[in-house]
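Enquirer: Have a look at this one.
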Amino acid sequence: MFTQPIGVAHYLVVGAILFVCGIVCMTTKRNTIGILMGVELVLSAAILNFVAFSQPAFRVDQEASLGIDGHVFALFAIVLAAAEAAVALAIALNYYNNHSTIDVDRAQDLQG
Amino acid sequence: MDNILWHSVFFWAFAVITCGFAVMVVLSDNIVRMAVALIFSLSGAAGLFLLAGADFVGAMQLMIYVGGTLVLLIFGVMLTAQGPFISLKAGSGDWIIAVVMVGLSLAMLLPMAWSVPDWHGPAMGASETKTTKQTALQEEAEADQETVVVEHNVSVTEIGLSLVGVRTDLNQEDQESGQLPEGYLLPFEIVSVHLLVILIGAAYLARAKRPRKPTKYP
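As you go down the protein sequences, you meet chains A and B in turn.
Mapping to the numbering used here: the first sequence position 34 is 34, numbers consecutive.
To convert, take the position in the second sequence, counting from 1, and add 1000; that gives the numbering used here.
Encoded structure:
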């Protein structure tokens, strides 16, 4: 295991595990901030895949790597994740102020 | 045992840290412990970025995610973690759906990640068409993948220049139409204005309007 060089596939496996953890976090948590943490995990997995695909030394066909494009899109994804966290947290605090709870199962005001 | 690749050793260490703490985020019921585990998971992901030769992205991951977003999340935890809300447990039906989704997603994603031989890394990929020269090249790549990864580092200068529209990595003579290769000036500007809008919107949403009403729920 330690004598083999690392490829894109190794990074993809780590990214897949992070993605699945984030999805499960989003489905099973009842706390609003817990759901936000799941979203952060999913975005982190996506950024990991961008970075892995942009490294030419991780694959045989070095010309096929993304190069600088992958890095730039990873940076955009990080910035947008921060923006998303700020707005979602503001919504969560607003919800907590209005309803005195943070449990998403209680958020039924818009239900018909 | 003399050909242990330290690049691979550190990759596996950071991968175990990242995935282990991500699983801890999922399994923990306490919101404060989830936040701490998320800090370690994202820091491990930053280490993986550094191992992939993405120095700047790794540093930004540490600064923006771990330094900014998680401080924000922890503020949210501190403002809302009172009494019953510290640990909300999900029902067993949710967990059954979650386990089914884990199985299906992993069964789809993991074979897909291993299905392309090009992605298996520099040594294992081209085993079917192996000449002596290629073998020598592969052994060289296998011997010092760390050096190769460091060689392919993208410098901050290149990223910054591409954000203002100048591409230094593309061969500019390839463009027969006489146009320079395009950079990322427009997305950069859109993201800046987007951040300004987000800042104003978040401050508007989170402002203190009125004292909290007494709850009508038990």
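Ideal Cβ positions, reconstructed from N, Cα and C, are used throughout, including at glycine.
Every value quoted in this text rests on a predicted model; they were computed, and no experiment measured them.
Whole angstroms are fine: how far does the CA of Ile-1086/B sit from the CA of Phe-1188/B?
Expert: Cα-Cα distance, rounded: 39 Å.
Enquirer: Leaving out five residues on either side along the sequence, give the residues of the same chain with a beta carbon under 7 Å from the beta carbon of Phe-53/A.
Expert: Excluding positions up to five away in sequence, the list reads Val-8, Ser-65, Leu-66, Gly-70.
Enquirer: Going by DSSP, what residues sit across from Ser-1087/B in a beta bridge?
Expert: Paired residue(s): Asn-1030/B.
Enquirer: Measure how close the beta-carbons of Ala-74/A and Phe-50/A come, nearest whole angstrom, since I'm counting them as under 8 Å.
Expert: 4 Å between Cβ atoms; contact.
Enquirer: Using a Cβ cut-off of 9 Å, pull out every chain A residue sitting near Ala-1090/B, in sequence order please.
Expert: Near Ala-1090/B (Cβ distances below 9 Å), the residues of chain A are Thr-27, Thr-28, Lys-29, Arg-30.
Enquirer: Does any CB atom of chain A fall closer than 8 Å to the CB of Pro-1069/B?
Expert: Here residue 1069/B is Thr; the residue named in the question, Pro, does not match the sequence. Answer yes: the Cβ-Cβ gap between Thr-1069/B and chain A drops below 8 Å somewhere.
Enquirer: Would you mind working out which of Ser-1043/B, Met-1078/B, Val-1009/B sits nearest Cys-1019/B, comparing C-alpha positions?
Expert: Measuring from the Cα of Cys-1019/B, the nearest candidate turns out to be Ser-1043/B.
Enquirer: Starting from the C-beta of Leu-1163/B, find all residues in its chain whose C-beta is less than 8 Å away, skip the five residues before and the five after it, and write them out in chain order.
Expert: Only Gly-1183, Tyr-1184, Leu-1185, Phe-1188 meet the Cβ criterion.
Enquirer: Quick check on the burial criterion: 16 or more other C-beta atoms within 10 angstroms. Buried or exposed for Gly-1091/B?
Expert: Counting Cβ neighbours within 10 Å, Gly-1091/B comes out exposed, since fewer than 16 surround it.
Enquirer: Check each candidate in Ile-1096/B, Gly-1093/B, Gln-1061/B and name the one with the smallest Cα separation from Val-79/A.
Expert: Considering only alpha carbons, the answer is Gln-1061/B.
Enquirer: Quick one, which of Leu-1050/B, Ala-1202/B, Gly-1067/B has its alpha-carbon nearest Ser-1155/B's?
Expert: Per the Cα distances, Leu-1050/B.
Enquirer: Could you check the C-alpha separation between Ala-1054/B and Asp-1169/B for me, to the nearest Å?
Expert: Distance between the alpha carbons of Ala-1054/B and Asp-1169/B is about 15 Å.
Enquirer: Measuring alpha carbon to alpha carbon, tell me which of Phe-1010/B, Ser-1008/B, Ala-1035/B ends up nearest Phe-1021/B.
Expert: Checking every option, the nearest Cα to that of Phe-1021/B belongs to Ala-1035/B.
Enquirer: Can you pull out the residues from the region 1081-1112 of chain B whose beta carbon lies closer than 7 Å to at least one beta carbon of chain A?
Expert: Hits within the stretch, in order: Phe-1085, Leu-1088, Ala-1090, Asp-1094, Trp-1095, Ile-1097, Ala-1098, Met-1101, Val-1102, Ser-1105, Leu-1106, Leu-1109, Leu-1110.
Enquirer: Of all the options Gln-108/A, Thr-28/A, Arg-106/A, Thr-101/A, which has the alpha carbon lying nearest to the alpha carbon of Gly-1083/B?
Expert: It is Thr-101/A.
Enquirer: Check for me: the alpha helix (DSSP H) holding His-10/A runs from which residue to which?
Expert: Note, His-10/A: alpha helix (DSSP H), 8-28.
Enquirer: Could you check what DSSP says for Asp-103/A in three-state terms: helix, strand or coil?
Expert: Here Asp-103/A sits in strand by DSSP.
Enquirer: Return the chain-ordered list of same chain residues with a C-beta closer than 8 Å to the C-beta of Val-1066/B, the five sequence neighbours on each side being excluded.
Expert: Excluding residues within five positions, the ones whose Cβ falls inside 8 Å are Ile-1039, Leu-1042, Ser-1043, Ala-1046.
Enquirer: Can Val-1026/B and Val-24/A be called in contact, C-beta distance under 8 Å?
Expert: Yes.
Enquirer: Measuring alpha carbon to alpha carbon, tell me which residue in Ile-1159/B, Lys-1089/B, Met-1112/B is nearest Ile-68/A.
Expert: Closest option to Ile-68/A, Cα to Cα, is Ile-1159/B.
Enquirer: Thinking C-beta only, is Leu-48/A closer than 8 Å to Tyr-95/A?
Expert: Against a cut-off of 8 Å, the Cβ pair of Leu-48/A and Tyr-95/A comes out as no contact.
Enquirer: Under 8 Å between C-beta atoms, does Ile-1200/B make it to chain A?
Expert: Answer no: the Cβ-Cβ gap between Ile-1200/B and chain A never drops below 8 Å.
Enquirer: Which chain A residues sit within Cβ distance under 8 Å of Ala-1022/B?
Expert: Result: Ile-17, Leu-18, Cys-21, Gly-22, Leu-41.
Enquirer: Do Asp-103/A and Arg-30/A count as a contact pair if the criterion is CB distance below 8 Å?
Expert: Yes, Cβ-Cβ distance for Arg-30/A and Asp-103/A is below 8 Å.
Enquirer: Decide if Gly-22/A is buried, meaning its Cβ has at least 16 other Cβ atoms within 10 Å, or exposed.
Expert: Result: buried.
Enquirer: Check whether the Cβ of Lys-1130/B lies closer than 8 Å to any Cβ atom in chain A.
Expert: At Lys-1130/B, the pLDDT of 43 sits below 50, so the modelled position is not reliable; the number obtained from the coordinates is stated separately. Not an interface residue.
Enquirer: Nearest to Pro-1122/B by CA position, among Gln-111/A, Asn-98/A, Ala-81/A, Gln-62/A, is which residue?
Expert: Residue Gln-62/A is the option with its Cα nearest to Pro-1122/B.
Enquirer: On a CA-only basis, which of Pro-5/A, Val-42/A, Gly-34/A, Leu-93/A is nearest Gly-15/A? Give me that one, please.
Expert: If we check each option's Cα against that of Gly-15/A, Val-42/A comes out closest.
Enquirer: Kindly say whether Leu-107/A, judged by its beta-carbon, lies nearer than 8 Å to any beta-carbon of chain B.
Expert: The question names Leu, but residue 107/A in the sequence shown is Ala. Output row for Ala-107/A: interface = no.
Enquirer: Nearest chain B C-beta to His-10/A closer than 8 Å, yes or no?
Expert: Yes, because at least one Cβ of chain B sits closer than 8 Å to the Cβ of His-10/A.
Enquirer: Determine the direct distance from the alpha carbon of Leu-1005/B to that of Lys-1089/B, and round the result to whole angstroms.
Expert: Between Lys-1089/B and Leu-1005/B, the C-alpha separation is close to 43 Å.
Enquirer: Per DSSP, what kind of secondary structure is Thr-32/A in: helix, strand or coil?
Expert: Thr-32/A: helix per DSSP, three-state reduction.
Enquirer: For the alpha helix (DSSP H) that contains Pro-1187/B, what are its first and last residues?
Expert: 1185-1205 is the extent of the alpha helix (DSSP H) around Pro-1187/B.
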